[in-house]
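There are 2 protein chains.
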Amino acid sequence: MAKGLVFVGLGLSGIGGMTVDGLEALRACDRIYAEFYTSKLIDTDLSELAEAIGKELTPVTREQVEEGRFIVLEAKKSRVGFVAAGDTMAATTHLDLRIQAAEEGVPIEIHHGISVFSAVPSALGLQPYKFGRTVTLPFLEDGYHPRSPYDNILENKLRGLHSMVLLDIREDESRYMTAKQALEWLFEGEVKWQGGLINDDTLVCVASNVGSRSERLTAGYAGEMLKRRDLGDPLSTLVLPGTLHFMEAYSLVTFAGAPEELID
Amino acid sequence: MAKGLVFVGLGLSGIGGMTVDGLEALRACDRIYAEFYTSKLIDTDLSELAEAIGKELTPVTREQVEEGRFIVLEAKKSRVGFVAAGDTMAATTHLDLRIQAAEEGVPIEIHHGISVFSAVPSALGLQPYKFGRTVTLPFLEDGYHPRSPYDNILENKLRGLHSMVLLDIREDESRYMTAKQALEWLFEGEVKWQGGLINDDTLVCVASNVGSRSERLTAGYAGEMLKRRDLGDPLSTLVLPGTLHFMEAYSLVTFAGAPEELID
Numbered sequence: 001m002a003k004g005l006v007f008v009g010l011g012l013s014g015i016g017g018m019t020v021d022g023l024e025a026l027r028a029c030d031r032i033y034a035e036f037y038t039s040k041l042i043d044t045d046l047s048e049l050a051e052a053i054g055k056e057l058t059p060v061t062r063e064q065v066e067e068g069r070f071i072v073l074e075a076k077k078s079r080v081g082f083v084a085a086g087d088t089m090a091a092t093t094h095l096d097l098r099i100q101a102a103e104e105g106v107p108i109e110i111h112h113g114i115s116v117f118s119a120v121p122s123a124l125g126l127q128p129y130k131f132g133r134t135v136t137l138p139f140l141e142d143g144y145h146p147r148s149p150y151d152n153i154l155e156n157k158l159r160g161l162h163s164m165v166l167l168d169i170r171e172d173e174s175r176y177m178t179a180k181q182a183l184e185w186l187f188e189g190e191v192k193w194q195g196g197l198i199n200d201d202t203l204v205c206v207a208s209n210v211g212s213r214s215e216r217l218t219a220g221y222a223g224e225m226l227k228r229r230d231l232g233d234p235l236s237t238l239v240l241p242g243t244l245h246f247m248e249a250y251s252l253v254t255f256a257g258a259p260e261e262l263i264d
Numbered sequence: 001m002a003k004g005l006v007f008v009g010l011g012l013s014g015i016g017g018m019t020v021d022g023l024e025a026l027r028a029c030d031r032i033y034a035e036f037y038t039s040k041l042i043d044t045d046l047s048e049l050a051e052a053i054g055k056e057l058t059p060v061t062r063e064q065v066e067e068g069r070f071i072v073l074e075a076k077k078s079r080v081g082f083v084a085a086g087d088t089m090a091a092t093t094h095l096d097l098r099i100q101a102a103e104e105g106v107p108i109e110i111h112h113g114i115s116v117f118s119a120v121p122s123a124l125g126l127q128p129y130k131f132g133r134t135v136t137l138p139f140l141e142d143g144y145h146p147r148s149p150y151d152n153i154l155e156n157k158l159r160g161l162h163s164m165v166l167l168d169i170r171e172d173e174s175r176y177m178t179a180k181q182a183l184e185w186l187f188e189g190e191v192k193w194q195g196g197l198i199n200d201d202t203l204v205c206v207a208s209n210v211g212s213r214s215e216r217l218t219a220g221y222a223g224e225m226l227k228r229r230d231l232g233d234p235l236s237t238l239v240l241p242g243t244l245h246f247m248e249a250y251s252l253v254t255f256a257g258a259p260e261e262l263i264d
């Protein structure tokens with residue numbers, strides 16, 4: 001494919017977090033756009049990436065990708081790369097760009113990247129097919145505290161399913177919700193809605209910077225986890241486990257420091 | 001890490017489907033074990049992989065991995081790789097191996113691979129956080145037709161969630177459930193349990209060999225899909241969409257050939 005739009009997911013961390021094919025595909029591009037508003041790069045930066053690929057990377061904002069037309073027009077005339085951390089098609093704006101390109105008859109190539117959606121269960125040793133719907137917690141601001149994330153996690157729990165809880169990102173302000181803030185979010189929700197989702201004795205897991213040098217996996221009871229200072233830096237993902245299979249409990253004890261009584 | 005156990009997920013296809021770091025990590029191994037009973041390699045084979053890595057790969061059976069002790073003992077004395085298609089920790093036997101290694105004090109390194117769990121939603125343009133629990137359909141044999149997969153998909157549907165439906169694999173017999181068999185499985189279930197999960201007009205998607213040269217995405221009404229012969233070869237994944245966001249419907253029409261009336 002000499003002309004067209006090449007989506008490459010950069011994966012979880014570093015310059016070596018993308019696939020071998022993805023790196024090859026980028027090396028053959030005439031120009032590469034990079035967006036980091038949906039996630040951020042861990043253990044690397046733009047200039048190190050550019051050096052590994054052997055091409056400059058041009059950062060683009062959310063607004064530029066939303067408009068997107070200039071990228072599509074360029075991909076009609078040359079080979080244009082578009083990279084993002086994690087997988088490449090999880091964000092709606094990326095999907096929109098792909099649809100626009102298809103409608104203009106632009107050839108499209110996709111190199112999937114590793115996503116927290118599969119890596120977090122893997123790292124914690126939780127079975128991926130036992131996760132219910134994934135939930136995102138938005139920052140609490142000006143009294144904004146939507147109920148649906150709370151309800152969705154509770155619904156998973158009542159079905160015995162694990163919940164993956166993604167935490168809000170404001171890349172433009174370099175603000176990333178911490179695991180502690182996420183736990184407080186849920187405790188405040190419990191006070192308001194009293195569904196029995198969380199109390200001091202609820203088992204919770206935090207996976208920080210999964211797949212990177214600074215990966216940290218922690219599991220424990222929510223009351224005690226709130227007081228800890230070693231939950232790792234953002235990006236963090238919270239997991240509220242549902243019913244645990246023996247091997248899953250064993251894994252949380254062995255790899256995330258969960259209380260041994262889980263496997264007694 | 002000079003000695004220890006290195007897990008590398010080979011990703012979706014080819015020799016370039018693993019990460020750049022994963023390939024490096026394997027090149028530094030003294031010996032590499034490879035298992036293909038949970039999935040199979042697409043667009044490559046063992047000898048091509050061995051050539052790319054520069055090391056022989058020793059295939060292991062499910063029984064050998066279940067026992068696993070010889071791998072752990074070897075990893076105490078040298079650097080041992082363990083590879084599988086897709087991600088690396090999704091199978092319980094792999095997790096068991098990791099736990100055994102940890103208990104023996106063996107250093108562990110994990111290089112996640114790209115998994116259908118994130119790539120199938122991505123390829124179809126369905127939002128990953130709108131998937132409910134994942135379901136696996138086992139082969140129908142000797143009147144064995146468990147109800148729980150049917151019930152779990154129905155429960156997702158009633159919540160408006162998408163269902164990813166993985167299809168049975170018998171690697172030892174080279175048998176892979178086809179999309180057509182999976183649809184028949186669900187139709188037979190409907191006759192038995194009559195929950196209103198599927199009829200001729202239910203929208204279903206098939207993603208075959210995602211992320212490979214032979215990738216094929218198809219979406220349409222179940223009655224019509226059953227008659228089609230172009231659903232792609234196994235490995236296939238079936239998706240029963242829940243409530244579709246406009247952009248998701250648009251994506252299924254554009255990339256999977258779903259009926260245009262979805263976006264009318």
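First to last, the sequence lines map onto chains A and B.
Just so you know, the first sequence maps onto residues 1 to 264 in the numbering used here.
Just so you know, the second sequence maps onto residues 1 to 264 in the numbering used here.
Cβ atoms here follow ideal geometry from the backbone N, Cα and C, with glycine treated the same way.
Every value quoted in this text rests on a predicted model; they were computed, and no experiment measured them.
Does any C-beta atom of chain A lie closer than 8 Å to the C-beta of B/S118?
Here residue 118 of chain B refers to the residue found at position 118 when the second sequence is read from its first residue. It does; some Cβ of chain A falls within 8 Å.
(request) Taking all protein chains shown into account, decide if A/T61 is buried (16 or more other Cβ within 10 angstroms of its Cβ) or exposed. (result) The residue given as residue 61 of chain A occupies position 61 in the first sequence. Classification for A/T61: exposed.
Along the segment 192-219 of chain A, where does the CB come closer than 7 Å to a CB of chain B? Name the residues. G211
Subject >> Residue range of the unbroken beta strand (DSSP E) whose run includes B/L166 >> reply: As a position in the second sequence, residue 166 of chain B is number 166, starting the count at 1. S163 to L167 is the extent of the beta strand (DSSP E) around B/L166.
Checking 8 Å against the spacing of the C-beta atoms, do B/L183 and B/A222 come in under that value? Within the second sequence, residue 183 of chain B is the residue found at index 183, counting from 1. Within the second sequence, residue 222 of chain B is the residue found at index 222, counting from 1. Going by C-beta atoms, B/L183 is nearer than 8 Å to B/A222.
- Task: Indicate whether the contact test is met: 3 or more Cβ pairs, each with one atom in the segment 223-240 of chain B and one in the segment 205-213 of chain B, closer than 8 Å.
- Result: yes
Practice problem: Reducing DSSP to helix, strand and coil, say where B/Y150 ends up. | Solution: Taking the second sequence and counting its residues from 1, one reaches residue 150 of chain B at position 150. Residue state, collapsed to three classes: helix.
Worksheet entry | Extent of the continuous beta strand (DSSP E) run through B/T58 | Position 58 of the second sequence, counted from the start, is the residue given in the question as residue 58 of chain B. Run containing B/T58: L57 to P59, per the beta strand (DSSP E) assignment.
On the CB-based measure, 16 or more other CB atoms within 10 Å of its CB, does A/S214 come out buried or exposed? By 1-based counting over the first sequence, the position of residue 214 of chain A is 214. Exposed, by the Cβ-count rule.
- Message: If we require 3 or more residues per run, which beta strand (DSSP E) segments fall completely within the segment 17-44 of chain B?
- Response: Correct list: 31-35.
Q) Secondary structure at B/R98, three-state DSSP: helix, strand or coil? A) Looking up residue 98 of chain B in the second sequence gives position 98. It is helical.
- Does A/P128 come within less than 8 Å of chain B when only Cβ atoms are used? In the first sequence, residue 128 of chain A corresponds to position 128, counting from 1. For A/P128, the answer is yes, since a Cβ of chain B falls inside 8 Å of its Cβ.
Cβ of A/L95 less than 8 Å from any chain B Cβ?
-> As a first step, residue 95 of chain A is located in the first sequence; it is residue number 95 there, counting from the start. So yes, A/L95 belongs to the interface.
Counting only the same chain and skipping the five closest in sequence on each side, list residues whose C-beta sits under 8 Å from that of A/A25. Translated into the one-based positions of the first sequence, residue 25 of chain A becomes position 25. Excluding sequence neighbours, A/A25 sits near V6, V8, G81, E109 and H111.
Secondary structure of A/T243, DSSP reduced to three states = On the first sequence, position 243 is the one that residue 243 of chain A refers to. The answer is coil: DSSP assigns A/T243 none of H, G, I, E or B.
Indicate whether A/A258 and A/G232 have their beta-carbon atoms separated by less than 8 Å.
As a working note, residue 258 of chain A is residue 258 in the first sequence. As a working note, residue 232 of chain A is residue 232 in the first sequence. Going by C-beta atoms, A/A258 is not nearer than 8 Å to A/G232.
**Prompt:** Within the 8 Å Cβ cut-off, does A/E24 reach chain B?
**Reply:** Start at 1 with the first residue of the first sequence, and residue 24 of chain A comes out as number 24. A/E24 counts as touching chain B.
ask   = Where B/E51 and B/F255 are concerned, what is the direct C-alpha to C-alpha distance, given to the nearest angstrom?
value = The count along the second sequence starts at 1 and reaches residue 51 of chain B at position 51. The count along the second sequence starts at 1 and reaches residue 255 of chain B at position 255. Their backbone Cα atoms lie some 35 Å apart in a straight line.
query: Among the residues of its own chain, which have a CB less than 6 Å from the CB of B/R31, if the five just before and after it don't count?
result: Residue mapping note: residue 31 of chain B aligns to position 31 of the second sequence, counting from 1. Closer than 6 Å at Cβ, skipping near neighbours: V80.
- Message: Taking a contact to mean a Cβ-Cβ separation below 8 Å, would you say B/L137 touches B/D168 in this structure?
- Response: Residue numbering aside, residue 137 of chain B sits at position 137 when the second sequence is read from its first letter. Residue numbering aside, residue 168 of chain B sits at position 168 when the second sequence is read from its first letter. Against a cut-off of 8 Å, the Cβ pair of B/D168 and B/L137 comes out as a contact.
message: Which of the three DSSP states is assigned to B/R289 in this structure?
response: There is simply no residue 289 of chain B to check, as chain B begins at 1 and stops at 264 in what is shown.
**Study point:** Distance, A/A90 Cα to A/V72 Cα
**Key:** Reading the first sequence from its first residue, position 72 is the one you call residue 72 of chain A. Reading the first sequence from its first residue, position 90 is the one you call residue 90 of chain A. For A/V72 and A/A90, the distance between alpha carbons rounds to 19 Å.
Simplified DSSP state of B/F117, which is helix, strand or coil:
Along the second sequence, one-based indexing puts residue 117 of chain B at 117. In this structure, B/F117 counts as helix in the three-state DSSP scheme.
Legend entry - Spatially closest choice to A/Y150 from A/K192, A/A123 and A/I114, by CA coordinates: Start at 1 with the first residue of the first sequence, and residue 150 of chain A comes out as number 150. It is A/K192.
**Message:** By the DSSP assignment, the beta strand (DSSP E) with A/F82 in it spans what residues?
**Reply:** Translated into positions along the first sequence, residue 82 of chain A becomes position 82. Segment R79 to A84, the beta strand (DSSP E) holding A/F82.
Open item on the list: So the candidates are A/S115, A/R159 and A/E261; which of them puts its Cα closest to the Cα of A/D201?
Closed with: Position 201 of the first sequence, counted from the start, is the residue given in the question as residue 201 of chain A. Closest option to A/D201, Cα to Cα, is A/E261.
**Report entry** Option in B/N209, B/R170 and B/P121 with minimal Cα separation from B/I37
**Finding:** One-based indexing of the second sequence puts residue 37 of chain B at position 37. The residue you asked about is not Ile; residue 37 of chain B is Tyr in the sequence shown. When each option's Cα is compared against that of B/Y37, the closest is B/R170.
**Message:** Starting from B/A2, trace the alpha helix (DSSP H) in both directions and tell me its first and last residue.
**Reply:** Taking the first residue of the second sequence as position 1, residue 2 of chain B is located at position 2. Note, B/A2: premise wrong, no alpha helix (DSSP H); not H, not E.
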